[in-house]
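Structure first, then comments.
Number of protein chains: 2
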Amino acid sequence: MKAEIIAVGTELLLGQIVNSNARFLSLELAALGIDVYFQTVVGDNPARLQEAVEIARGRADILLFTGGIGPTEDDLTKETLAAVLGRDLHTDRIAMDQVERFFTDRGREMTENNRKQALMIDGATPLPNGTGLAVGLALAENGRFYIVLPGPPREMEPMFTEQAKPWLLQHALTDEMPLYSKMLKFAGIGESQLETRLIDLIRNQTDPTIAPYAKEGEVTIRISTKAPGEREAMEKLGKLQDKIQALLPEHMYADIDVPLEKIIVDWMADAGLTVSAAESCTGGLLMSSITSVPGSASMFLGGVVCYSNEMKQKLLNVPKDYLEGPDAPGAVSREVAEVLAEQVRMLTDTDFGLSITGVAGPAYSERKPVGLVYIGIAERGGRTEVFELNLSGNRETIRIRSVKSILYRLWRRLEEREDVETPLGGSDLA
Amino acid sequence: MKAEIIAVGTELLLGQIVNSNARFLSLELAALGIDVYFQTVVGDNPARLQEAVEIARGRADILLFTGGIGPTEDDLTKETLAAVLGRDLHTDRIAMDQVERFFTDRGREMTENNRKQALMIDGATPLPNGTGLAVGLALAENGRFYIVLPGPPREMEPMFTEQAKPWLLQHALTDEMPLYSKMLKFAGIGESQLETRLIDLIRNQTDPTIAPYAKEGEVTIRISTKAPGEREAMEKLGKLQDKIQALLPEHMYADIDVPLEKIIVDWMADAGLTVSAAESCTGGLLMSSITSVPGSASMFLGGVVCYSNEMKQKLLNVPKDYLEGPDAPGAVSREVAEVLAEQVRMLTDTDFGLSITGVAGPAYSERKPVGLVYIGIAERGGRTEVFELNLSGNRETIRIRSVKSILYRLWRRLEEREDVETPLGGSDLA
């Protein structure tokens with residue numbers, strides 16, 4: 001089965017956004033055992049889109065489209081595909097109801113252009129949109145398969161995973177042995193270091209396959225195998241997973257695609273432990289990561305963003321002579337990271353207190369270099385640990401890496417405690 | 001001048017990396033006034049690459065290739081292009097010297113395959129590689145222009161900027177007028193509502209052009225025109241910009257691509273005003289957005305994440321009977337949003353205090369629906385305003401939209417103050 005991905009949108013040709021949809025779909029199709037031979041990007045122009053469709057029909061069995069199904073006049077994917085296939089369009093009743101309800105629920109008037117989002121090609125299967133208003137579609141004709149998905153990744157990705165993939169498995173991949181995959185997640189280690197540790201397994205791979213998977217800020221390995229059924233697949237994958245975990249026990253935190261903060265929230269909520277945080281240079285990024293996980297309310301109570309020295313003193317009683325004066329260690333120091341972590345823990349009466357203080361840049365601070373960051377972990381009845389980080393990158397990268405570092409350290413601390421159940425995130429989780 | 005970008009590399013088709021090269025080149029070409037009509041990705045396969053080249057030759061004047069010019073067996077871009085053009089290849093002497101010197105300098109043996117990196121198509125202009133070993137090339141034939149660049153961005157980007165672009169300006173663009181663009185940024189209005197307000201301008205556009213630009217959580221319009229020089233371009237663009245601003249004065253916040261928080265930070269820093277925040281459901285996201293802007297330290301001092309009712313009482317003295325009890329309004333209420341904003345403002349002694357309290361989901365809370373959020377703005381010596389939001393989407397979307405809403409409201413408040421200089425973000429900013 002050969003596939004072509006056609007991304008529709010002039011903003012791609014103007015270089016305003018990167019084509020992450022093509023990447024997502026390519027990964028997904030590879031996992032299904034489908035070869036992607038071409039990716040094409042074309043603008044919001046009916047003639048050129050039609051040309052791209054015709055070329056793709058000549059060289060692929062499965063054509064996947066993203067973009068061009070929104071409410072604006074530039075959105076023309078369904079209309080163009082219908083024209084190529086010689087079919088008419090109609091308004092999908094269920095999709096139209098969803099669009100109308102969206103506006104009525106908010107007491108807003110629906111502008112006419114929103115009607116387009118419910119367009120459907122005659123004979124196609126609608127793919128409902130759970131995170132937006134534009135309905136997708138799937139269509140089989142003369143041994144070819146057409147999937148039309150929205151442009152915005154947060155609409156396209158769930159629609160592919162929940163709607164298009166099952167449709168493909170049912171209609172296009174009936175003769176294939178299904179491909180089963182697991183995503184192994186790692187923290188506290190970089191991508192090339194991980195690859196180096198696994199180099200023998202990677203070089204000698206046959207079945208299952210091992211693919212490093214580069215996603216911003218995360219380190220992931222995908223292991224895949226074709227098998228007649230799930231039980232046999234999981235057995236094969238489990239053996240390889242065990243080998244990998246044995247090589248990296250201090251870094252593999254899950255065998256499903258979840259962020260590290262989810263594991264931390266689950267472990268702590270189950271163990272009845274709580275955490276608070278005092279953030280300086282990260283300005284709330286750590287706490288917003290923790291609270292992005294549903295259920296965090298049972299283990300995270302609150303914390304403080306003490307961005308200025310004054311606020312470190314006022315909100316957390318950091319002694320002035322730690323911060324200012326010729327002999328002061330300064331805000332970016334082990335001493336202050338330690339005090340912040342302990343003070344916020346005591347103020348909120350939580351089991352753990354976390355702190356981050358550093359120089360995110362671009363300006364240096366206190367004559368300390370950009371990327372110097374101290375992270376602290378205080379523990380009820382236990383020792384406070386402070387780690388010094390020397391991070392590279394821009395302001396945002398340094399902030400993100402600081403947050404990931406402290407989450408990793410907290411994860412390691414939880415593993416060391418005997419009173420916390422620390423199952424691998426994923427299949428083992430209840 | 002029509003261009004097509006062809007990225008060569010099976011790792012792209014497997015979804016292992018994203019095609020950032022296409023984005024970079026598209027932006028660069030747009031700035032040169034060259035229209036990119038297609039982007040194609042093809043694997044390390046000579047037959048399919050040849051097909052892609054032939055299709056591109058039929059529809060573009062400028063063909064840019066990235067990737068497939070390294071030392072491995074899979075690298076075949078130059079060979080394939082030469083075959084299509086009916087030309088031979090030779091070894092470029094200067095490039096070969098550079099490759100040999102690289103190995104001698106390191107006391108390493110040069111493997112034979114490295115010789116490929118110095119390959120040159122007969123009659124082409126070599127483009128030296130300052131950050132790697134693979135030499136690029138530029139070639140003009142029968143009114144078409146071919147540029148071959150390396151795959152790794154850190155080699156491709158400087159080679160384009162320093163070598164390919166001057167070559168294009170000299171050989172291909174002697175008659176073109178450059179394209180000038182401005183990005184107009186809007187807040188407090190949705191994409192389709194924006195388009196509806198501008199529908200006449202959009203429908204009747206000729207020159208400059210108007211393109212809505214969809215980026216997650218942001219609403220942007222790009223206006224573009226070709227002109228012989230910058231002064232004339234800015235005059236044309238300025239007239240259209242003024243028309244657009246007149247239609248949307250309460251929403252257009254910048255004419256360069258910056259986030260709203262940057263404008264807020266700049267205005268407040270210039271006016272010597274400060275702000276603090278108390279966040280519940282957003283857990284630090286608002287404060288991390290403000291602190292993502294360099295220079296925020298002069299206007300943002302700190303704040304509190306009061307995720308639990310206990311912390312709202314403990315950290316900000318919210319009265320218990322506001323939060324609990326049969327007659328209590330509850331944490332998600334106008335009353336509590338008001339108190340939080342005022343309390344954090346007084347605690348930190350800032351000019352503005354912001355608050356966010358709501359139900360981010362997926363679980364409802366206090367028998368209130370997911371998406372119900374109250375945002376508060378307290379002002380020194382002024383009135384506290386609270387807004388009720390009814391947001392849709394998942395947990396992360398609701399949190400992001402809450403933050404964007406309160407930033408918008410703060411922006412509007414600053415505009416109303418007479419003591420704050422509120423220039424449009426962008427050209428007018430110092």
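For the protein sequence lines, the chains are A and B, in the order given.
Going by full-length UniProt numbering, the first sequence opens with residue 1, and the numbers climb by one from there.
Going by full-length UniProt numbering, the second sequence opens with residue 1, and the numbers climb by one from there.
Note that beta-carbon positions come from the ideal geometry of N, C-alpha and C, so glycine has one too.
If you look at residue 136/A, you'll find it in the beta strand (DSSP E) that goes 136-141.
In this structure residue 177/A is exposed. Its beta-carbon is surrounded by fewer than 16 other beta-carbon atoms within 10 angstroms.
Residue 354/B and residue 209/B have their C-alpha atoms roughly 39 Å apart.
Of all residues in the segment 50-72 of chain A, only 51, 52, 55, 59, 70, 71, 72 come within less than 8 Å of chain B when Cβ atoms are compared, listed by chain position. Residue-level contact by beta carbon holds for residue 294/A and chain B, with a gap shorter than 8 Å. In terms of CA proximity to residue 330/A, 367/A leads the group 301/A, 91/A, 367/A. Annotation: residue 293/B to residue 80/A spans about 43 Å, alpha carbon to alpha carbon. The beta carbon of residue 378/B lies closer than 6 Å to those of 341, 342, 345, 353, 384 in the same chain, with the five residues before and after it left out. Separation of the CB atoms of residue 43/B and residue 10/B is rounded to 4 Å, and the pair is thereby assigned contact status at 8 Å.
Looking at the DSSP output, residue 39/A bridges to 5/A, 41/B. Beta-bridge pairing by DSSP links residue 306/B to 302/A. Within chain A, 292, 294 have C-beta atoms less than 8 Å from the C-beta of residue 395/B, given in sequence order.
Taking each of 142/A, 117/A, 121/A in turn and checking the Cα distance to residue 131/A, the smallest one comes out for 117/A. For residue 311/A, the closest C-alpha among the options 295/A, 280/A, 325/A is that of 280/A. Among the CB atoms of chain B, none fall inside 8 Å of the CB of residue 259/A. Between the alpha carbons of residue 28/B and residue 183/B lies a distance of about 16 Å. Contact of residue 362/B with chain A is assigned, a C-beta pair being separated by under 8 Å.
When secondary structure is reduced to three states using DSSP, residue 386/A falls in the strand class. Taking C-beta separations shorter than 6 Å and ignoring five residues to either side along the sequence, the partners of residue 207/A in its chain run 225, following chain order. A distance below 8 Å separates the beta carbons of residue 127/A and residue 164/A. Within chain A, no C-beta atom comes less than 7 Å from the C-beta of residue 326/B; the nearest is roughly 22 Å away.
About 7 Å separates the CB atoms of residue 258/A and residue 185/A; that is less than 8 Å, so the two are in contact.
The contact set of residue 30/A on chain B, defined by CB atoms closer than 7 Å, consists of 14, 15 in chain order. Contact annotation: residue 219/A and residue 199/A have beta-carbon atoms that are not nearer than 8 Å. The C-alpha of residue 36/A lies about 17 Å from the C-alpha of residue 161/A. In this structure the segment 144-151 of chain B touches the segment 49-69 of chain B; the number of beta carbon pairs closer than 8 Å is three or more. By the criterion of at least three beta-carbon pairs nearer than 8 Å, the segment 9-24 of chain A is not in contact with the segment 49-58 of chain A. Rounded to the nearest angstrom, the gap between the Cα atoms of residue 301/A and residue 387/A is 24 Å.
Within chain B, no C-beta atom comes nearer than 9 Å to that of residue 1/A; the closest sits roughly 14 Å away.
With its beta carbon less than 8 Å from one in chain B, residue 23/A belongs to the interface. Under the DSSP assignment, residue 153/B falls in the alpha helix (DSSP H) whose first and last residues are 153-159.
Below the 9 Å Cβ cutoff, chain A contributes 111, 112, 113 as neighbours of residue 196/B, in chain order. Assigned with DSSP and collapsed to three states, residue 47/A falls in helix.
The three-state reading of DSSP puts residue 110/A in coil, since its state is none of H, G, I, E or B. At a Cβ-Cβ threshold of 8 Å, residue 356/A and residue 375/A count as neighbours. Among the bridge pairs identified by DSSP, residue 126/B is matched with 137/B.
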